[in-house]
Amino acid sequence: MFPSLSTLTLFSFLGVIFVHACPQETLKGPDGRCYGFFPYGFNHTKSDYVCKNFYGGHLASIRNAEMDKFVRSMALDLFSGVANFWVGGKQEDKGRGWSWTDKSDFVYKNWEQGQEQGGNGYHGLAVNINTGKWHSLPEVTSLPYVCTVYYKKRIPR
Ligand SMILES: *[C@@H]1O[C@H](CO)[C@@H](O)[C@H](O)[C@H]1NC(C)=O
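In UniProt numbering, the protein residues as written are 1 to 157.
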């Protein structure tokens, strides 16, 4: 039997509801995107790779004070016993300027004094959980990380 028109209407209605819900164990940010807080710890490149290939997103970009507050307060709750966590800011080398891995404009800033200059070689942007201020850390550092999540594929290793 063919589904009736009202059945199809019901399914497309449910579809709309599910499309707007965040994937399991992710939180809706003030910008309406879904964010995952992952405590396992990878270097900056691998963290962004995992966000992209397993969750369809990127490391989080912090584009305004509201996002900054959201990300930090959730991290305070969810990452216990760590000092810093990765978001998507990166600098290829000292003096090259900062950018977000999701290509958002790098406008809003919340640097700890002296940290914006970065260091020699690839550095990532780490948020200090206790102060909320941004630090520049060598890319190879393993830290918990925050991703925008569009779907969940499987558990990364
Ligand atoms: C980052 O971690 C991945 C996976 O452990 C590793 O293959 C890669 O070489 C690391 N990158 C750097 C720059 O250490």
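Heads up, the beta-carbon is just placed ideally off N, CA and C, and yes, glycines get one too.
So, at 8 Å on beta carbons, what are the nonlocal neighbours of Asn130 in its own chain, with the 5 sequence-adjacent residues on each side left out? Ala83
Could you please give me the residues that DSSP links to Gly124 through a beta bridge? Lys90 and Leu137
Pull every residue with its beta-carbon under 5 Å away from any heavy atom of ligand 1, and keep them in chain order. Asn43, Lys46 and Val140
Cβ shell of Ser61 (< 6 Å), same chain only, five flanking positions each side left out: Gly88, Trp100, Asp102 and Ser104
Could you spell out the range, first to last residue, of the alpha helix (DSSP H) harbouring Cys51? His44 to Tyr55
Please report the distance separating the alpha-carbon of Asn64 from that of Tyr108. 5 Å
Under 8 Å by Cβ, that's how I've got Arg72 and Val127 pegged, so tell me the actual separation to the nearest angstrom. 6 Å
For a test of the three-state rule: what should DSSP assign to Leu70, helix, strand or coil? As written in the sequence, residue 70 is Phe, which differs from the Leu given in the question. Looking at Phe70 - three-state DSSP - the assignment turns out to be helix.
What are the partner residues of Phe85, as DSSP defines its beta bridges? Val127
From the DSSP output, which residues share a beta bridge with Trp100? Gly89
With Leu59 and Asp48 assumed to form a contact (beta carbons below 8 Å), what rounded beta-carbon distance in angstroms separates them? 5 Å
Between Asn53 and Cys147, what straight-line distance do the alpha-carbon atoms span, to the nearest angstrom? 11 Å
Using the rule of at least 16 other Cβ atoms within 10 Å of the residue's Cβ for burial, across every protein chain shown, is Ser136 buried or exposed? buried
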